[in-house]
Each structure stands twice: as C-alpha cells, then as structure tokens.
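Report on one structure; see the data block that follows.
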DNA sequence: TGGCCAACTGTACCGGCGGTACAGTACGTT
DNA sequence: AACGTACTGTACCGCCGGTACAGTTGGCCA
C-alpha cells in the first residue's frame, strides 16, 4: 500500500528525531516557552516550513517530546531491573541491586543528569493542553505502579519492620530522583543525585530487612 | 535624609509587593519566560511604565522574586522548628515534631502546594544571569546547612544506627519536598507531599533511634 | 521516462511582547 | 509654593512564534 520511498521516509524520521533531540536539551535548559522554533531549525539545519511539516504546531512538539521521553524511561527501567533480577532471584536483593545500578548510571553521566521532562513540564503546566498534562500524570502513575509491584513482591517475603504506606514508598523513588536532579543542578554537584538514590536504597533495606548491611 | 513622603513610599512598596505576588503565582504556573509583563500589570492595575518604575528590566523582577521567596522560606523554617523545639527540648523529638508540623502545614494548603521557585528556576536556568543562579545555589546550600546542624545535634545524642552521610540526609529533606511537590502537582493529589515528608520523618527516626514508634 | 510522493524550501505576513524614551500628572509632605 | 514619589500616556522598535500556501528536489516504481 502507498508504499512510497523508503529512503526518504527514513530521512524524514531522522530529521524528526533530531528536532526532538534539539528540543529536549533546550527545554531542559531553559523551559519550553523559551525554546524557540528558530533555534531548533537552526540546530537541525532546516527551515521553519520544514518544522511545520513535521509538527502541526509547537504543542505537537511538546507532546511528541514527552511521549518519547516516557517510553525511553520505561525501557531503561525495564532493562535495568531485569538485569538486576538476573543477578539475584530474591526480590529484595534484586531491587537493591537495581537501585545501585541506577545510582552508578547516574554517577557515570559526565555532565550530570540533564533533567527530567516530567518535572520541567510540571512547572510549566499552563502552557500545555489537557492531553499533555494527562500524559505526564499517567507517566508518574506508571512509575508508582512499577515500584509498588516490586515492593509488593518484596513485602510478601520480607514483612515490613516499619509501618509504611507502600504507595508512598514507591513514590519516594520518583520524588528523590526528581528532587535529587534539582538539587544536583542548582548546587552544581553531580554526586547529589546518586547520593539520594543510595539513601533510598538504605531506607528500603532498613524497612524490609531491618538491618544495616 | 531625603525623608520624603511616607504614605507614597508605602504605596509604592505595596504595588511592588503586588507585582511580586502576581509574578510568583504566574511563574509557578507556567514558568518565567511565559510570564508576560503585560499580564502582571493587568493583574495589579498599573501601566507598563509603572512596572519599569519598580524594576529596571524583567531580570530584576526574577531576582527580587527569588530573594523574597528564599527569605520567606527561611523565616518559615526558623519559626516552625523553633516552635517544635519549644514543645520538646530533645533534638531528635523536636526535629520529628517539626517535620510533622511541616507535613500538617502542607496538608492544610487547600489547593495543594503552589510550587517551589528554586525548582522552577532550576529548569529554566539559562534564562537567568549568574547572580540569580548563584542566589538559587546559595538558597539550597543554606537549607543543607540548616538541616545538617539539626542532624549534628541529634547525632551527638543518638549515634546513628545506620551508616549514612549526614549531608545527604540533610539534602534528602529538600529533595523529597521538591520531588513531592512535583509528584503532587502532576498526579493532582494533595496528599502526596505530606506523605513524602512523613516518610522522611520515619527514615530519620529509624536512622537515629532504630525503632518504629 | 514519466509521474508520484515524501520531505522539504521560499516568501510573505500578522500580532504579541520585551524594552526604550520621555513628557506629563496626582498627591502627600515640607 | 516647591519637591519628590509613584506613577500615566503615547509612541515606537525589533524579535519571534505562528500561519498560509505555493513551489521544488530527489528517490522510487510502473
């Protein structure tokens, strides 16, 4: 059907990706409103008309950007915790390994974590329509469900030593990650984010195993 | 010297405060770049000339806004932890009371927490000059020093049961607060932020007293 | 080889906004 | 009556986001 030109299609998809790349870093550095279409097309090397060929308006760019970001995060989490589970079949130990891998990954980013789009969008919510805001919300709720399922599995084998709401403990990861990114960026110290993730790790360990180390 | 009109001066200071009020809520809702001078003067009921009488340019508004915000936060923390200390002279118990007061205060905000300017500015850092970025950094470092001093006092009486970096535990409050605000805003659930603060409280309790309740 | 289609370019235009410049004014204090 | 504060009014500039739409390039297939 339609079929048409494969090489052209690849080229188009590539340009679109490069627009999203340029947009992502710009948005994380100065926000969506201050990210001009002109700078994006200059970075990619196309004209303004070219931009509007790929996105009907700036809002469509915002949506596509967030969708791609959330998908990539999901893949990263899937991958990382699957690897951790391969290393240890015990749910608690696997989770602790996963958190350590995450902290190491953050620590290895040479320029520090570039930022979280969810947090960026959150502080500019009125710029976006309902679609995008709901997308953001669903993204966070998916993180909650993911961590909650890990924690449920852990709690089944290790009854919590402390009285905590597991949804809150699940959210705590996201909160510490987003908060840690903000602190790391503003004090300009790459080590803050991995430090916070490792603190989450010791919290989870003490909640379920009650022991240090 | 100069002395001059007292009533006029009060009126001018009042208009300036109202400009800052309008700017603060607007910035937290859609970011600094998307906050137009025109909407601020419309909200306050003055003309554009009036705005530029109070601030030489938009950058000066950004700086004044952040300065006021940081001062108010400082006062709030001073006040709240002083009250907590009045209720219990033990540093650990006082700190735990302070955290509970904080959580209750956040819980009582009818529309949820309006947002943290530090976080908002962090995700728009390239819009601001060095002055403002350094101000933001100093603000966060002041929070760290404050909580670190509480924790040092606690650690002197209650040796930590878990091996943790006290600077990281101090930062953890800020990270959970900022992260909690983001989660609460994006999932649109006021209870998330107080929940995270209470989790920080149980973490601190288990680190220093090692017991649940 | 001719036509199709994806992926653009070129040109023109609009309105909003940040910012500048500066003259004028209302009003309380001295 | 004079002075300073806190503005208003008017006019203007340049940039940028956004729209509209017609034209062009270059692989691919029949």
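Chains as they are written, first to last, in the numbering used here: chain F, 3 to 215; chain U, 3 to 215.
Glycine residues also receive a C-beta, built at the ideal position from the N, C-alpha and C atoms.
_Between the stretch 123-137 of chain U and the stretch 182-195 of chain F, can you find at least three pairs of beta-carbon atoms closer than 8 Å?_
Proximity of the stretch 182-195 of chain F to the stretch 123-137 of chain U meets the contact definition, three or more beta-carbon pairs being nearer than 8 Å.
_Taking 9 Å as the threshold (beta carbon to beta carbon), is residue 166(U) in contact with chain F?_
Here residue 166(U) is taken as the residue at index 164 of the second chain, counted from 1. With 9 Å as the cut-off, residue 166(U) counts as an interface residue toward chain F.
_Where the alpha helix (DSSP H) through residue 178(F) begins and ends_ = Locating residue 178(F) in the first chain gives position 176, where the first residue counts as 1. Unbroken alpha helix (DSSP H) run through residue 178(F): 168-189.
*On the three-pair Cβ rule with 8 Å, is the stretch 61-78 of chain F touching the stretch 162-177 of chain F?*
no
*Give me the Cα-Cα distance between residue 149(U) and residue 46(F), rounded to the nearest whole angstrom.*
Translated into positions along the second chain, residue 149(U) becomes position 147. Translated into positions along the first chain, residue 46(F) becomes position 44. Each residue's Cα considered, the two are about 46 Å apart.
*Evaluate residue 111(U) with the Cβ neighbour count: other Cβ atoms within 10 Å of its Cβ, from every protein chain shown; 16 or more gives buried, anything less gives exposed.*
Your numbering for residue 111(U) matches position 109 in the second chain. Answer is exposed; the Cβ neighbour count stays below 16.
*Under the rule that 16 or more other beta-carbon atoms within 10 Å means buried, what is residue 158(U), buried or exposed?*
On the second chain, residue 158(U) is found 156 positions in, with the first residue counted as 1. By the 10 Å Cβ count, residue 158(U) comes out exposed.
_Reduced DSSP category for residue 163(F) - H, G, I as helix; E, B as strand; rest coil_ = As a working note, residue 163(F) is residue 161 in the first chain. Coil.
*asked:* Please identify, using Cβ separations under 7 Å, the residues of the stretch 117-151 of chain F that lie next to chain U, in order along the chain.
replied: When C-beta distances to chain U are compared with 7 Å, the residues of the stretch 117-151 of chain F below that value are 117, 120, 121, 122, 124, 125, 126, 127, 128, 129, 138, 139, 142 and 143, in chain order.
*Taking the alpha helix (DSSP H) that residue 125(F) falls in, what are its first and last residues?*
Stepping through the first chain from its first residue, residue 125(F) is reached at position 123. Here residue 125(F) belongs to no alpha helix (DSSP H), and DSSP marks it neither H nor E.
*Using the Cα positions of residue 210(F) and residue 93(F), report the straight-line distance between them to the nearest angstrom.*
Position 208 of the first chain, counted from the start, is the residue given in the question as residue 210(F). Position 91 of the first chain, counted from the start, is the residue given in the question as residue 93(F). Residue 210(F) and residue 93(F): Cα-Cα distance of roughly 11 Å.
*Three-state secondary structure (DSSP) at residue 93(F)?*
Indexing the first chain from 1 puts residue 93(F) at position 91. Helix.
*Cα-Cα separation, residue 114(U) to residue 193(U)*: In the second chain, counting from the first residue as 1, residue 114(U) sits at position 112. In the second chain, counting from the first residue as 1, residue 193(U) sits at position 191. Their Cα atoms are separated by approximately 8 Å.
*Got a sec: is the Cβ-Cβ distance from residue 6(F) to anything in chain U below 9 Å?*
Here the question's residue 6(F) lines up with position 4 in the first chain. Reliability of the predicted coordinates at residue 6(F) is poor, the pLDDT of 46 falling under 50, and the value obtained from them is presented with this limitation in mind. With 9 Å as the cut-off, residue 6(F) does not count as an interface residue toward chain U.
*Check whether residue 198(U) and residue 121(F) have beta carbons under 9 Å apart*: As a working mapping, residue 198(U) is identified with position 196 in the second chain. As a working mapping, residue 121(F) is identified with position 119 in the first chain. In terms of Cβ geometry, residue 198(U) and residue 121(F) do not form a close pair [threshold 9 Å].
*asked:* Against chain U, does residue 3(F) count as a neighbour if the rule is that its beta carbon must be under 9 Å from one of theirs?
replied: Locating residue 3(F) in the first chain gives position 1, where the first residue counts as 1. Residue placement at residue 3(F) cannot be trusted, given a pLDDT of 34 that sits under 50; the coordinates are not used to answer.
*What does residue 171(F) touch in chain U if you count any residue whose Cβ is under 8 Å from its own?*
Counted from its first residue, the first chain places residue 171(F) at position 169. The answer, in chain order, is 201.
*asked:* Judging by CA-CA distance, which residue of 23(F), 59(F), 54(F) and 182(F) is the nearest neighbour of residue 104(F)?
replied: If you number the first chain from 1, residue 104(F) lands on position 102. Ranking the options by Cα distance to residue 104(F), first place goes to 182(F).
*Can you have a look at residue 78(U) and say buried or exposed, based on whether 16 or more other CB atoms are within 10 angstroms of its CB?*
On the second chain, position 76 is the one that residue 78(U) refers to. Answer is exposed; the Cβ neighbour count stays below 16.
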